[in-house]
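Enquirer: Chains as they are written, first to last, in the working numbering: chain A, 1 to 292; chain B, 293 to 529. After the structure tokens below, expect a handful of questions from me.
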Amino acid sequence: MELFTNQILAGIATGAIYACMALAVVMIYQAIDHLNFAQGEMAMFSTFVSWQLMQWGVPYWGAFVLTLIFSFAGGIAIERLLFKPLAKAPILTNVAGFIALYAIINSVAGLIWDFTIKQYPTPFGSSPFLGSQLISTHQAGMIGVTLLLLLALFFFFRFTRMGLAMRAAASLPESARLVGINTSWMIALGWGMAAAIGSIAGMMIAPVVFLEPNMMLGVLIYGFAAAVLGGLTSPFGAVVGGFLMGIFENLVGTYIPGVGNELKLPIALALIVTVLVVKPAGLFGRPIVKRV
Amino acid sequence: MTAMLNVKDLRAYYGQVQALHGLDFGLNEGSMTTLLGANGAGKTTTLRAICNMVRSTGAIEFDGAPLAGRSTENIVRLGIAHVPQGRGTFTTMTVEENLQLGAITRQDKGGVVSDIEKMYDHFPVLKERHTQQAGTLSGGEQQMLAVARALMLRPRLMLLDEPSFGLAPLIVRDLFKILGKINREDKVTILVVEQNAQLALELADKAYVIETGRIVMSGSAAEIANNEDVRKSYLGY
Chain A
1 MELFTNQILA
11 GIATGAIYAC
21 MALAVVMIYQ
31 AIDHLNFAQG
41 EMAMFSTFVS
51 WQLMQWGVPY
61 WGAFVLTLIF
71 SFAGGIAIER
81 LLFKPLAKAP
91 ILTNVAGFIA
101 LYAIINSVAG
111 LIWDFTIKQY
121 PTPFGSSPFL
131 GSQLISTHQA
141 GMIGVTLLLL
151 LALFFFFRFT
161 RMGLAMRAAA
171 SLPESARLVG
181 INTSWMIALG
191 WGMAAAIGSI
201 AGMMIAPVVF
211 LEPNMMLGVL
221 IYGFAAAVLG
231 GLTSPFGAVV
241 GGFLMGIFEN
251 LVGTYIPGVG
261 NELKLPIALA
271 LIVTVLVVKP
281 AGLFGRPIVK
291 RV
Chain B
293 MTAMLNVKDL
303 RAYYGQVQAL
313 HGLDFGLNEG
323 SMTTLLGANG
333 AGKTTTLRAI
343 CNMVRSTGAI
353 EFDGAPLAGR
363 STENIVRLGI
373 AHVPQGRGTF
383 TTMTVEENLQ
393 LGAITRQDKG
403 GVVSDIEKMY
413 DHFPVLKERH
423 TQQAGTLSGG
433 EQQMLAVARA
443 LMLRPRLMLL
453 DEPSFGLAPL
463 IVRDLFKILG
473 KINREDKVTI
483 LVVEQNAQLA
493 LELADKAYVI
503 ETGRIVMSGS
513 AAEIANNEDV
523 RKSYLGY
């Protein structure tokens, strides 16, 4: 029983990270109808930036905040330079753009920081949380930071004018323009926020998976699976999907013999395919109906 | 009287297809003008061209300033509200959020709050349903909401694209009564595109008839209503 509780709690902790990645993916998907394959690499690069800042002597939370700002600006810059010009291009052109971005960020990170695995600090420590063996303080910290982030995002989108404008621009761009919203900048803002959310996921998961240019590959695949499971049109669904994925991953790895760590990723992919076949809109998504 | 909106030699294109072939017209401040024509004549395209939502050439001036090169959202910010065909309701948001979105460019918070109350006076049904998702409203209610959303901008010019579309005749009467009131009391200049020619001509001061992308007739609403051809083609008697 203790093993079971332990696996559930650990699942919620990694699930929090998947939830962040899924949320970042959904934010961009809502804005431009494309999946950002480079979301994980952007997060990885941000995490390296924070690591570099700490190497230069900036304290953890200082580096954390500076990295958020850097990521936000970086996300906006990527949208302005690469994806705004591609806005009216065919899907495949955009996919090529995302793959290029993926490859470029990955190689640049390797070039600057090389591919050796690095230790990454945790501000929460890794002792047992509240004296319990079930969950470590870092895992508790991951959950706490994610919940704070989700709360902040909820208030932003629900109660601020900017949040309202962003929601309007994502749901009906033409109507949004007709009430005077600059939808193009709303998309850029969405990119900035997605990049910042991803950077939080990167910085939180780095002490667990260690810092190296390919650290986010598995995390992003789980993030995608979470987004598909919850529904690509629903930020709320993405978050729920993230937590479910984390728990599912841990339980399957523990209780199904022969799965272990090696087969966890194929299971995420199998889940993506299953959801797309059985319930393409996901658990909380709206089915997309297009008039032709 | 100088025209508030002046349109000269307006041509519009969808890809290679030319939809408007040189339109000239003007709207006087405080007037209510209707644009009549059959399906595919270019009425919607004319409204869309004013808001730069379709590729066009020619000159459009608002208060003497050219609109060319301005984005849709910048044209709206000048005080031109456009109620598009299909109403453009933000269906997943509440009625109140739709109204707030109408005023999203305004900085006067207090004014926005009092204007929302004013809209609830104009359209009591919206007050009843203010927390409801806009997509759950009936067609007539959504049209009321679309007009209210446009008014939240405190526009000087309002463009309406077939506001009567899909509505029961009684509701259409109500809606046009409200439009007349807005025009008279709030001094909002209105350009309304309509298939329901009879009603539009009753309310408007001036009318233009457009056929295959050209204006074929213009005059006071009364003149147009009494014109033999118009009566046969659009009024059916």
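Each residue gets a CB set at the ideal place from its N, CA and C atoms; glycine is no exception.
Would you say residue 234 of chain A lies against chain B (beta-carbon separation less than 7 Å)?
Expert: Not an interface residue.
Enquirer: For residue 213 of chain A, count the other beta carbons within 10 Å of its own beta carbon; 16 or more makes it buried, fewer makes it exposed. Which is it?
Expert: Classification of residue 213 of chain A: buried, given that the 10 Å Cβ count is 16 or more.
Enquirer: What are the residues that DSSP puts in a beta bridge with residue 303 of chain B?
Expert: BP columns for residue 303 of chain B point to B:313, B:349.
Enquirer: To the nearest angstrom, report how far apart residue 301 of chain A and residue 166 of chain A are at their CA atoms.
Expert: In the structure as shown, chain A starts at 1 and stops at 292, and residue 301 of chain A therefore has no counterpart that could be examined.
Enquirer: Got a sec: is the Cβ-Cβ distance from residue 433 of chain B to anything in chain A below 7 Å?
Expert: Judged by the 7 Å Cβ criterion, residue 433 of chain B is not in contact with chain A.
Enquirer: With DSSP run on the structure shown, which of helix, strand or coil describes residue 425 of chain B?
Expert: Looking at residue 425 of chain B - three-state DSSP - the assignment turns out to be strand.
Enquirer: Can you grab the Cα-Cα spacing for the pair residue 67 of chain A / residue 79 of chain A, in whole Å?
Expert: Roughly 18 Å separates the two Cα atoms.
Enquirer: Taking just the CA atoms, how far does residue 52 of chain A sit from residue 45 of chain A?
Expert: Rounded to whole angstroms, residue 45 of chain A to residue 52 of chain A spans 10 Å at the Cα level.
Enquirer: Measure the beta-carbon distance from residue 474 of chain B to residue 499 of chain B and round it to whole angstroms, keeping in mind my assumption that it falls under 8 Å.
Expert: The Cβ separation is near 19 Å, so there is no contact.
Enquirer: Could you check what DSSP says for residue 129 of chain A in three-state terms: helix, strand or coil?
Expert: Helix, per DSSP.
Enquirer: Identify the contact partners of residue 380 of chain B in chain A, using a Cβ-Cβ distance below 8 Å as the criterion.
Expert: Near residue 380 of chain B (Cβ distances below 8 Å), the residues of chain A are 172, 174, 175, 178.
Enquirer: Below 7 Å between beta carbons: does that hold for residue 363 of chain B and residue 481 of chain B?
Expert: No. Outside cutoff.
Enquirer: Taking residue 393 of chain B as the query, report the chain A residues whose CB atoms sit under 7 Å from its CB, ordered along the chain.
Expert: Here the neighbours are 164, 168, 179.
Enquirer: Does DSSP classify residue 521 of chain B as helix, strand or coil?
Expert: In this structure, residue 521 of chain B counts as helix in the three-state DSSP scheme.
Enquirer: So the alpha helix (DSSP H) residue 262 of chain A belongs to, where does it begin and stop?
Expert: Neither: residue 262 of chain A is in no alpha helix (DSSP H) and is coded neither H nor E.
Enquirer: Do residue 284 of chain A and residue 230 of chain A count as a contact pair if the criterion is CB distance below 7 Å?
Expert: Yes. Within cutoff.
Enquirer: Using a beta-carbon distance cut-off of less than 8 Å, what residues from the stretch 178-198 of chain A approach chain B?
Expert: Under the 8 Å Cβ criterion, the stretch 178-198 of chain A contributes 178, 179, 180, 181, 182, 183.
Enquirer: Flag this pair as yes or no: are the beta carbons of residue 371 of chain B and residue 448 of chain B separated by less than 7 Å?
Expert: Closer than 7 Å, so yes.
Enquirer: Three or more C-beta pairs under 8 Å: does that hold for the stretch 237-251 of chain A against the stretch 218-227 of chain A?
Expert: Yes: the two stretches touch, three or more of their Cβ pairs being nearer than 8 Å.
Enquirer: Just reading off the alpha helix (DSSP H) that residue 466 of chain B is part of, what are its end residues?
Expert: Note, residue 466 of chain B: alpha helix (DSSP H), 461-477.
Enquirer: Using a 10 Å radius around the Cβ and a threshold of 16 neighbouring Cβ atoms, would you call residue 392 of chain B buried or exposed?
Expert: The residue in question, residue 392 of chain B, is buried, as its Cβ has 16 or more Cβ neighbours within 10 Å.
Enquirer: Take the Cβ of residue 182 of chain A as the centre, count every other Cβ of all protein chains shown within 10 Å, and call the residue buried at 16 or more, exposed below.
Expert: Buried, since its Cβ has 16 or more Cβ neighbours within 10 Å.
Enquirer: Can you tell me the Cα-Cα spacing of residue 140 of chain A and residue 104 of chain A, whole angstroms?
Expert: Computed Cα separation, rounded: 34 Å.
Enquirer: Use the C-beta contact count for residue 207 of chain A: other C-beta atoms within 10 angstroms, 16 or more gives buried, fewer gives exposed.
Expert: Residue 207 of chain A comes out buried.
Enquirer: Kindly give me the distance between the Cβ atoms of residue 360 of chain B and residue 505 of chain B, rounded to whole angstroms, as I take these residues to be in contact under 8 Å.
Expert: Not confirmed; about 19 Å, so no contact.
Enquirer: Are the CB atoms of residue 300 of chain B and residue 378 of chain B nearer to each other than 7 Å?
Expert: Taking 7 Å as the Cβ cut-off, residue 300 of chain B and residue 378 of chain B do not qualify as a contacting pair.
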